[in-house]
């Protein structure tokens, strides 16, 4: 494989370190992508993201298609320009957001829904998802998939797998250009359906595989069982992307199972809700205690926020609901996630991932 | 006068250019102060403000006294440190905000009110206003004044003048240190009371004089009449500060009458509400037309926003209600105001203020 190479394997787990090469540079894996769903990472400029050592972002084809619309982004010269982001850019098709946030109807051809802005009926097909992503010029395109609810009946999950595979075949057939094309494995919480979906997608020899339909409300032990099994079905030479995850403990577990790519709104959403990430676990700012603290948000942290502001100042801005506080807390949480991922990569290269894993989990659980 | 010197006078008006020297540097006048009422300029970092060429800010003693509280600011080493602002810092006492936003009772000794947070009763006296500002370490302290409503009966306005003068006497008697102390002229819309108030304050030989109680809802021609007369009562060797103003046309008129200092939340509030300032007048972003525009917010503008973002991008962020848009629009509007003030100073030095004044007013009125 040209675009993905594994540079180190951890002896104590399935964890691996690698390099994903796209048209806008190389991303070291395991990596974490902040979300720029609507064409920006909430509250942050691209300078802010670079200060946080972010190498890649993920945006959303369907969201951008609706607002601001493709014409606006094409006018700017593509999504990289619109985002002021010269580094690697993933785009999700938006199918997942669609079924979570809108009323819709799924047919064999795609998803039919009405845009909330104009009420216009849109038929969102696998062809359209690829066409949009090509126009956006993203480096990693995701196929349109069908993600059933975690507690959907088996018949629905079977339909979802069939759609997901058929739509991936269509996506592959209409896809062209320099971007990478990733499929998405569905199959709910049936190991058989997950295997069936993965094997069918493997025939398309896509550039990478996302795992969808996890961490969508199901019991944690279901997630872990399906994750562990599904990863094994995916060709180990391909990059594996656990979509929409997430938290540190989930990332550690998934890396141990061989996942390479993550994305989540978790760090920025937490920041806006006054939750700060740190090596000793998360904590809340915005109370009278943190208002007294002259320490940075995290001792020893090298991010812009921690180098320039006290915990007290950030607390004050957040208590007054000012967006400066949301920006500063988001910078810290994103920088924290990037540092966390760098530590994971380092540990894998040193063959010590399981030590780091155990130690982090103990810290996160407060032991 | 050491702290204030007039460097140029306009031949065609009362306009003058000068230098106001405080403990944290020199501010060229006429100048505009962005407001950091609660200990920050909404949505902006101090780096942002410096990029906008801001020389001085104004914060608010009473607001900071309530939240985050003096202890927090003293812990940081004073308000300059808490604001991360090494340049000139004015503080208003907060009396005006108090009577506008809280229920209160005015006695001869000060203003009694309950804090919205804790319900605690506070007696806000001229002594306390000075004590707070000393602890904050601001460069220009304002006395506590009594600002009646624009349509208050004459008896109330007379009381307000009496309080304002008595409280300024008390403020002067308890004041110590290197900061400058400014009085505030009240007197409603009676020229006689304005004169009486100014003459009484002049006996205290304060370092400068604010004009309060204007632009608080009264008809425009009242404002202009009182402004014109009141400025003349103030010793011309003293800096004159028109509090809470404001818009470009008001600033031009006031400069022509000899005002040196302005402050207002106008540029930042407008920015958050999608109104962009420009040499050709204000306009609204956030609509489908500005979403299409690849131009900067203002052609030829050198601010960070205009150098890096299209009007379309800023429109998109604002339409999606993201704080990135509020930050970028605020940067532009503040930079615009600073540029506008620099042009005014330049015009005064060149003896051409009235030409610039006339030309700007014509542009602002769209002729």
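Chains as they are written, first to last, in the numbering used here: chain G, -3 to 363; chain L, -3 to 363.
Glycine residues also receive a C-beta, built at the ideal position from the N, C-alpha and C atoms.
Residue i vs residue j beta-carbon contact at 8 angstroms
i	j	result
residue 175 of chain G	residue 136 of chain G	yes
residue 314 of chain G	residue 281 of chain G	yes
residue 104 of chain L	residue 159 of chain L	yes
residue 40 of chain G	residue 236 of chain G	no
residue 365 of chain G	residue 192 of chain G	Since the first residue of chain G shown is -3 and the last is 363, residue 365 of chain G is not available in this structure.
residue 258 of chain G	residue 79 of chain G	no
residue 250 of chain L	residue 223 of chain L	yes
residue 227 of chain L	residue 208 of chain L	no
residue 242 of chain G	residue 262 of chain G	yes
residue 293 of chain L	residue 301 of chain L	yes
residue 264 of chain G	residue 37 of chain G	yes
residue 356 of chain G	residue 248 of chain G	yes
residue 52 of chain G	residue 89 of chain G	no
residue 240 of chain G	residue 205 of chain G	no
residue 106 of chain G	residue 121 of chain G	yes
residue 359 of chain L	residue 266 of chain L	no
residue 190 of chain G	residue 225 of chain G	yes
residue 354 of chain G	residue 6 of chain G	no
residue 34 of chain L	residue 12 of chain L	no
residue 244 of chain L	residue 146 of chain L	no
residue 162 of chain G	residue 186 of chain G	no
residue 42 of chain G	residue 81 of chain G	yes
residue 200 of chain L	residue 168 of chain L	yes
is_contact[residue i, chain L] using C-beta, thresh 8 angstroms
i	result
residue 382 of chain G	The requested residue 382 of chain G does not occur in the structure, where chain G is confined to residues -3 to 363.
residue 85 of chain G	no
residue 192 of chain G	no
residue 308 of chain G	yes
residue 312 of chain G	yes
residue 47 of chain G	no
residue 182 of chain G	no
Any C-beta of chain G under 8 angstroms from that of residue i
i	result
residue 398 of chain L	One cannot answer for residue 398 of chain L here, as it falls past the ends of chain L, which runs -3 to 363.
residue 88 of chain L	no
residue 295 of chain L	no
residue 288 of chain L	yes
residue 64 of chain L	yes
Beta-carbon neighbours of residue i, restricted to chain L and to distances below 7 angstroms
i	result
residue 341 of chain G	Simply none; closest approach about 29 angstroms.
residue 318 of chain G	36, 38, 39
Neighbouring residues, chain G, relative to residue i (Cβ below 9 angstroms)
i	result
residue 78 of chain L	306, 308, 309, 312
Under 8 angstroms by beta carbon: chain L residues contacting residue i
i	result
residue 333 of chain G	Ordered by position in chain L, no residue passes the 8 angstroms Cβ test against residue 333 of chain G, which lies about 19 angstroms from the chain.
Chain-ordered neighbours of residue i on chain G, where CB pairs are closer than 7 angstroms
i	result
residue 68 of chain L	287, 288, 308
> If you scan the stretch 236 to 305 of chain G from start to end, which runs of the alpha helix (DSSP H) of 4 or more residues do you find wholly inside it?
Replying inline: DSSP runs (the alpha helix (DSSP H)) wholly in the stretch 236 to 305 of chain G: 244 to 252, 262 to 268, 284 to 287, 300 to 304.
> Considering only residues of the stretch 5 to 67 of chain G, which uninterrupted alpha helix (DSSP H) runs meet the minimum length of 4 residues and lie entirely inside it, listed in chain order?
Replying inline: Listed in chain order, they are 42 to 47, 57 to 62.
>> Taking beta-carbon pairs under 9 angstroms, can you tell me which members of the stretch 321 to 332 of chain L lie near chain G?
In response: Under the 9 angstroms Cβ criterion, the stretch 321 to 332 of chain L contributes 321, 322, 323, 324.
> Which runs of the beta strand (DSSP E) fall wholly inside the stretch 157 to 212 of chain G and span at least 3 residues, in chain order?
Replying inline: Note on the stretch 157 to 212 of chain G: whole beta strand (DSSP E) runs with a minimum of 3 residues are 176 to 181, 204 to 207, in chain order.
>> I'd like the ranges of any alpha helix (DSSP H) spanning at least 4 consecutive residues and lying wholly in the stretch 86 to 171 of chain L.
In response: Here the runs fully enclosed are 91 to 97, 122 to 132, 150 to 170.
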